[in-house]
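Quick mapping for you: the protein sequence lines, in order, are chains A and B. Residue numbering for the first sequence follows the working numbering, starting at 3 and increasing by one per position. Residue numbering for the second sequence follows the working numbering, starting at 2 and increasing by one per position. Just so you know, even glycine gets a beta-carbon here, dropped at the ideal spot from N, CA and C. Bear in mind that the values here come from a model prediction, so they are computed numbers and not experimental data. Working notes, beginning with the structure itself.
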Amino acid sequence: MIGGDEWWVLLIKIVVVVLGLVTIAAYLTLAERKVSARIQLRIGPNRVGPYGMLQPAADAVKMLFKENTAPSNRDRLLFLVGPSLAAGAALLSFAFIPLGINNWFNYQFHWDVGHANVGLLFILGVSSYGVYALFLGGWAANSKYSLLGGLRASAQLISYEMAVAFALIGAVIIAGSLDLEQIVHAQQGAWFIVLQPLAFLLYFTGAFAETNRAPFDLPEAETELVAGYHTEYSSLRFGLYFLGEYVNMVVVSSIATTLFLGGWLPIFPFHPFDWIPGPLWFLGKVAVLIFVMMWVRWTFPRLRYDRLMSFGWKVLLPLGLVNILITGTVVALRA
Amino acid sequence: MTLLLGIVMLLAAISALGVVLSRQTLYSALSLVVTLSMVAVIFLLLNAQFLFAVQIIIYAGAVMVLFVFIIALLNPEAEDRPAFDWRSWIGIAAVAGITILVFVTARNGITYNDGGLRGAQIGRVSDPYHTFSFPPDAVNAAGNVQTVAGQLFTTFILPFEITSLLLLVAAIGAVYLTRREHSGS
Numbered sequence: 003m004i005g006g007d008e009w010w011v012l013l014i015k016i017v018v019v020v021l022g023l024v025t026i027a028a029y030l031t032l033a034e035r036k037v038s039a040r041i042q043l044r045i046g047p048n049r050v051g052p053y054g055m056l057q058p059a060a061d062a063v064k065m066l067f068k069e070n071t072a073p074s075n076r077d078r079l080l081f082l083v084g085p086s087l088a089a090g091a092a093l094l095s096f097a098f099i100p101l102g103i104n105n106w107f108n109y110q111f112h113w114d115v116g117h118a119n120v121g122l123l124f125i126l127g128v129s130s131y132g133v134y135a136l137f138l139g140g141w142a143a144n145s146k147y148s149l150l151g152g153l154r155a156s157a158q159l160i161s162y163e164m165a166v167a168f169a170l171i172g173a174v175i176i177a178g179s180l181d182l183e184q185i186v187h188a189q190q191g192a193w194f195i196v197l198q199p200l201a202f203l204l205y206f207t208g209a210f211a212e213t214n215r216a217p218f219d220l221p222e223a224e225t226e227l228v229a230g231y232h233t234e235y236s237s238l239r240f241g242l243y244f245l246g247e248y249v250n251m252v253v254v255s256s257i258a259t260t261l262f263l264g265g266w267l268p269i270f271p272f273h274p275f276d277w278i279p280g281p282l283w284f285l286g287k288v289a290v291l292i293f294v295m296m297w298v299r300w301t302f303p304r305l306r307y308d309r310l311m312s313f314g315w316k317v318l319l320p321l322g323l324v325n326i327l328i329t330g331t332v333v334a335l336r337a
Numbered sequence: 002m003t004l005l006l007g008i009v010m011l012l013a014a015i016s017a018l019g020v021v022l023s024r025q026t027l028y029s030a031l032s033l034v035v036t037l038s039m040v041a042v043i044f045l046l047l048n049a050q051f052l053f054a055v056q057i058i059i060y061a062g063a064v065m066v067l068f069v070f071i072i073a074l075l076n077p078e079a080e081d082r083p084a085f086d087w088r089s090w091i092g093i094a095a096v097a098g099i100t101i102l103v104f105v106t107a108r109n110g111i112t113y114n115d116g117g118l119r120g121a122q123i124g125r126v127s128d129p130y131h132t133f134s135f136p137p138d139a140v141n142a143a144g145n146v147q148t149v150a151g152q153l154f155t156t157f158i159l160p161f162e163i164t165s166l167l168l169l170v171a172a173i174g175a176v177y178l179t180r181r182e183h184s185g186s
């Protein structure tokens, strides 16, 4: 079916990936606060533990023990489904991302939960469940700010999903596969960021919109919508939305790494670069991309909503189509 | 594996019942999302990975999102749902009858190899009996996406292009209709 692991190997992998992603997401909140502090010439959180390293733990405890308020006119079931789905879809879409392959004693170990012929399509499909999470969450709260935020979020996600998918097709055409491991293997000569610079730019721009981050954070624009779709959520429910958002950052950065930055491949294929294990290369590249995302958030102002939509449909999408056309022609002529 | 398939099928059946029996229209639509997702998982368990991904992207990701949007925003009241009276039983009987008929005929083995399928005749390559046999292992060895694409762009190129033309016509029609409403008001 998917992957070839024993069930207990699969179970261990799932537990490790979920716990790992939750921990990474928690520390990304700290990283975000530190980065924003540096950019704004502040120090940032430094009271809890050395250099504020225990701040995420303190935040998590605070979030758990806060009063769980909820509007009385809410849709009870969907008010619960929204945040759970937001976190669940984000965690699930990481399942097929390969962090590396190792051969130990004739046992081929894949650093992923599952691998399939259609890995990339799977990620695109699962991320579309995130649209439900934001829209239903905003709708179920029965509040105007939430509804408007949910509507904006879903319209934005649907529009930019198109642009993002078109940007990815360029890399898929060159690799000749939707299997993420094979896409990485195809980059052994040159990373696709060299062959597909336009596609990388388009994807990474769209990724900001997909993760609802500045300068495209219209769904939760504080100046207009209080907090958008999660205005009415508090305590752990808000925590789940927060978790989903940060895990999504990891996921989009991982996709960009896999498709354009050579995945687990070292920057140069000789010593001493290939002494560093593949998964570390992968995580390092992801960390760089996430830092860029934070950097952009604290540098650029927010777009206006109509500008955001026309940028997606009239700039990103046509450029993606042109990229596909050029890539397809070149690949067909070389074949 | 069989147990997993059973659980998924059971979930699909339960959520399909939810589509019909939910009191709120939005819950019906969301049950349909669950049903379509479960059908996708059945595709995956049956080794049809490409169908699995496409089912999720198109039905759960695109079609149903629009359904849910419209239902949630227009918010039809629960009272608008038709009452359940004797006429409903005729409908239920008809649906049950057709379903049973479909299953019976499917068991008796209608195959596409008799030349009944128009697309097969249009794009027939050589041997129809080999064009249509796709054992899962062979397909996955050659690549699931590659096999589907190969068929779509060789054997079925004409029906495929005609379908895309139909979609284009529908899209242009939708744009035209909304534009005319604008200038009229």
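Check                                                                                                                                                             : Outcome
Please go through the region 110–176 of chain A and give each complete alpha helix (DSSP H) segment of 4 or more residues, from N-terminal end onward.            : 121–129, 131–142
Opposite Asn105 (chain A) in the DSSP bridges: which residues?                                                                                                    : A:Gln110
What is the DSSP secondary structure of Ser23 (chain B), reduced to helix, strand or coil?                                                                        : coil
Can you find a CB in chain A that lies within less than 8 Å of the CB of Val66 (chain B)?                                                                         : yes
Comparing alpha-carbon positions, which option in B:Asn145, B:Ile72, B:Thr36, B:Ser165 lies nearest Gln25 (chain B)?                                              : B:Ile72
Cα separation between Phe293 (chain A) and Lys287 (chain A)?                                                                                                      : 10 Å
What does Asn108 (chain A) reach in chain B if we use C-beta pairs closer than 9 Å?                                                                               : None at all; the shortest Cβ gap to chain B is about 22 Å.
According to the neighbour-count rule (16 or more other Cβ atoms, all chains shown, within 10 Å of its Cβ), is Trp9 (chain A) buried or exposed?                  : exposed
Report yes or no: is there a C-beta of chain B within less than 8 Å of the C-beta of Ala165 (chain A)?                                                            : no
What span of residues does the alpha helix (DSSP H) with Asp61 (chain A) cover, start to end?                                                                     : 57–67
Could you give the distance in angstroms between the alpha-carbon of Tyr248 (chain A) and the alpha-carbon of Leu5 (chain B)?                                     : 32 Å
Once DSSP output is grouped into helix, strand and coil, what is the label at Val228 (chain A)?                                                                   : coil
Out of A:Gly139, A:Leu327, A:Asn105, state which residue places its alpha-carbon closest to the alpha-carbon of Leu82 (chain A).                                  : A:Gly139
Could I get the ranges of all uninterrupted alpha helix (DSSP H) runs contained in the region 189–260 of chain A, with 4 residues as the minimum, in chain order? : 194–197, 199–212, 224–227
Would the region 25–37 of chain B count as touching the region 324–337 of chain A if we require 3 or more Cβ pairs under 8 Å?                                     : no
Could you check what DSSP says for Leu291 (chain A) in three-state terms: helix, strand or coil?                                                                  : helix
Decide if Tyr113 (chain B) is buried, meaning its Cβ has at least 16 other Cβ atoms within 10 Å, or exposed.                                                      : Any reading at Tyr113 (chain B) must be qualified, since the residue scores a pLDDT of 44, below 50, and its modelled position is unreliable; the value itself is stated next. Under this definition Tyr113 (chain B) is an exposed residue.
Cα-Cα, which of A:Ala118, A:Leu153, A:Ile125, A:Ser145 is closest to Asn145 (chain B)?                                                                            : A:Ala118
Is there a C-beta anywhere in chain A that falls below 8 Å from the one on Ala61 (chain B)?                                                                       : yes
Could you check where the alpha helix (DSSP H) with Ile59 (chain B) kicks off and where it finishes?                                                              : Premise fails: Ile59 (chain B) is in no alpha helix (DSSP H) and is neither H nor E.
Starting from Trp266 (chain A) and walking both ways along the alpha helix (DSSP H), at which residues does that stretch end?                                     : No alpha helix (DSSP H) contains Trp266 (chain A), which DSSP labels as neither H nor E.
Reducing DSSP to helix, strand and coil, say where Asp86 (chain B) ends up.                                                                                       : coil
Which chain B residues are close to Trp141 (chain A), counting only those with a beta carbon under 7 Å from its beta carbon?                                      : Ala73
Mapping the DSSP letters down to three states, classify Gln42 (chain A) as helix, strand or coil.                                                                 : coil
Shorter than 8 Å from the beta carbon of Leu9 (chain B) to some beta carbon of chain A?                                                                           : In the sequence on display, residue 9 (chain B) carries Val and not Leu. No, because no Cβ of chain A sits closer than 8 Å to the Cβ of Val9 (chain B).
Have a look at Leu204 (chain A) and Ala169 (chain A) and give me their C-alpha separation to the nearest angstrom.                                                : 6 Å
Tell whether a beta-carbon distance below 8 Å holds between Val9 (chain B) and Val42 (chain B).                                                                   : yes
Taking the alpha-carbon positions, what's the Ala121 (chain B) to Phe51 (chain B) distance?                                                                       : At Ala121 (chain B), the pLDDT of 38 sits below 50, so the modelled position is not reliable and the matter cannot be decided from this model.
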